[in-house]
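J.:
Residue numbers (my numbering): 433 to 670.
Shown next as structure tokens:
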């Protein structure tokens, strides 16, 4: 089943939330479609949200038990792939990020999951430049309050994609994809792929079409690496 059909559910979460914003709610200050954020600023905001210092105290060094990977809504802009980060030909429009109650409602209605603890969602749709290659990859990120909440939603999202595949006539087969994430579920239906991953308290969904498994694996690795970089206060595009 093509990505345009199976990938619509996750994209609809963002569309649903954006519709809600137009009805009166707005993203938090400093979060706007098409804006950019440095990894350093994101790390400081993340540390503040967890009640931690943004830098280790003098003489303490690096803790042996660092907090789980986490990014705030602003950090999602940097964490989503940028033009050229997946390959020279892969380009897309500005990332879209939405947060708050609209995300909770949209997520729960679209994938039939409570989505407990979801704080923000981001989406970027990329495709190959030019007409020779029809490859398309849709990247979605969801950030949660805790890793446990992210793990629950990640499994619910993977199950939702399996059911979507079956409803359209063919159950997607599982495939192995090495991503660097804490948890990964990947499936293939013809030349379309879904990869659902969790790294710390962040869930990533990659939906691709008209490409090969090796390219999908590479894109998934890049996405997880970017999330980790932003969580650690590093701008992945510098």
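For every residue, glycine included, the Cβ atom is placed at its ideal position computed from N, Cα and C.
I'd like to know whether the C-beta atoms of residue 551 and residue 504 end up nearer to each other than 9 Å.
T.: Position 119 of the chain shown holds residue 551. Position 72 of the chain shown holds residue 504. Yes, these two residues count as a Cβ contact at 9 Å.
J.: If you count every other CB in all the chains shown that lies within 10 Å of the CB of residue 525, and 16 or more means buried, which is it?
T.: Here residue 525 refers to the residue found at position 93 of the chain shown. That one is exposed.
J.: Taking DSSP as the reference, what is the three-state secondary structure of residue 667?
T.: On the chain shown, residue 667 is found 235 positions in, with the first residue counted as 1. Three-state result, residue 667: coil.
J.: Suppose you measure from the CA of residue 606 to the CA of residue 544; what does that come to, to the nearest Å?
T.: As a working note, residue 606 is residue 174 in the chain shown. As a working note, residue 544 is residue 112 in the chain shown. When rounded, the distance between both Cα atoms is 22 Å.
J.: Is residue 649 near the ligand ATP, judged by its Cβ being under 8 Å from some heavy atom?
T.: Although the ligand ATP was asked about, the structure shown includes no ligands whatsoever.
J.: For residue 641, report the span of its beta strand (DSSP E) as first-last.
T.: Here residue 641 corresponds to residue number 209 of the chain shown, with the count starting at 1. 634-641 is the extent of the beta strand (DSSP E) around residue 641.
J.: Tell me which same chain residues have a C-beta within less than 6 Å of the C-beta of residue 413, skipping the five on either side of it?
T.: Nothing can be reported for residue 413: it is not among the residues displayed for the chain, which extend from 433 to 670.
J.: If residue 511 sits next to residue 573, beta carbons under 8 Å apart, how far is it from one beta carbon to the other, in whole angstroms?
T.: The sequence position of residue 511 within the chain shown is 79, counting from 1. The sequence position of residue 573 within the chain shown is 141, counting from 1. Residue 511 to residue 573, Cβ: 6 Å. Contact.
J.: Is residue 609 helix, strand or coil when you go by DSSP?
T.: Looking up residue 609 in the chain shown gives position 177. In this structure, residue 609 counts as coil in the three-state DSSP scheme.
J.: If I measure Cβ to Cβ from residue 489 and keep anything under 6 Å in the same chain, skipping five residues before and after, which residues do I get?
T.: Indexing the chain shown from 1 puts residue 489 at position 57. At residue 489, the pLDDT of 43 sits below 50, so the modelled position is not reliable and the matter cannot be decided from this model.
J.: For the alpha helix (DSSP H) that residue 599 lies in, which residues bound it at each end?
T.: Translated into the one-based positions of the chain shown, residue 599 becomes position 167. Per DSSP, residue 599 belongs to the alpha helix (DSSP H) from 579-599.
J.: With the cut-off set at 9 Å, would you say residue 651 and residue 621 are in Cβ contact?
T.: Here residue 651 refers to the residue found at position 219 when the chain shown is read from its first residue. Here residue 621 refers to the residue found at position 189 when the chain shown is read from its first residue. Contact: no.
J.: If I follow the unbroken beta strand (DSSP E) through residue 536, where does it start and stop?
T.: Mapped onto the chain shown, residue 536 falls at position 104. Unbroken run through residue 536 is the alpha helix (DSSP H), 533-543; no beta strand (DSSP E).
J.: For residue 654, count the other beta carbons within 10 Å of its own beta carbon; 16 or more makes it buried, fewer makes it exposed. Which is it?
T.: What you label residue 654 is simply residue 222 of the chain shown in a count that begins at 1. Buried: at least 16 other Cβ atoms inside 10 Å.
J.: Measuring alpha carbon to alpha carbon, tell me which of 539, 634, 566, 531 ends up nearest residue 499.
T.: On the chain shown, position 67 is the one that residue 499 refers to. Measuring from the Cα of residue 499, the nearest candidate turns out to be 634.
J.: Please classify residue 646: is it buried, with 16 or more other beta-carbons within 10 angstroms of its beta-carbon, or exposed?
T.: Numbered from its first residue, the chain shown carries residue 646 at position 214. Looking at its Cβ environment, which holds fewer than 16 other Cβ atoms inside 10 Å, residue 646 is exposed.
J.: Do the segment 587-595 and the segment 534-549 make contact, defined as three or more Cβ pairs closer than 8 Å?
T.: yes
J.: Which same chain residues, not among the five before or five after residue 518, have their C-beta less than 8 Å away from its C-beta?
T.: The residue given as residue 518 occupies position 86 in the chain shown. Counting only Cβ-Cβ distances below 8 Å, and skipping sequence neighbours, we find 558, 569, 650, 651, 654.
J.: With H, G and I counted as helix, E and B as strand and the rest as coil, what does DSSP make of residue 510?
T.: As a first step, residue 510 is located in the chain shown; it is residue number 78 there, counting from the start. Secondary structure at residue 510: helix, using DSSP grouped into helix, strand and coil.
J.: Mapping the DSSP letters down to three states, classify residue 572 as helix, strand or coil.
T.: For the purposes of this step, residue 572 is identified with residue 140 of the chain shown, where counting begins at 1. The three-state secondary structure of residue 572, taken from DSSP, is strand.
J.: When we look at the beta-carbon of residue 581 and count the other beta-carbons within 10 Å, is it buried (16 or more) or exposed?
T.: By one-based count along the chain shown, residue 581 stands at place 149. Answer is buried; the Cβ neighbour count reaches 16.
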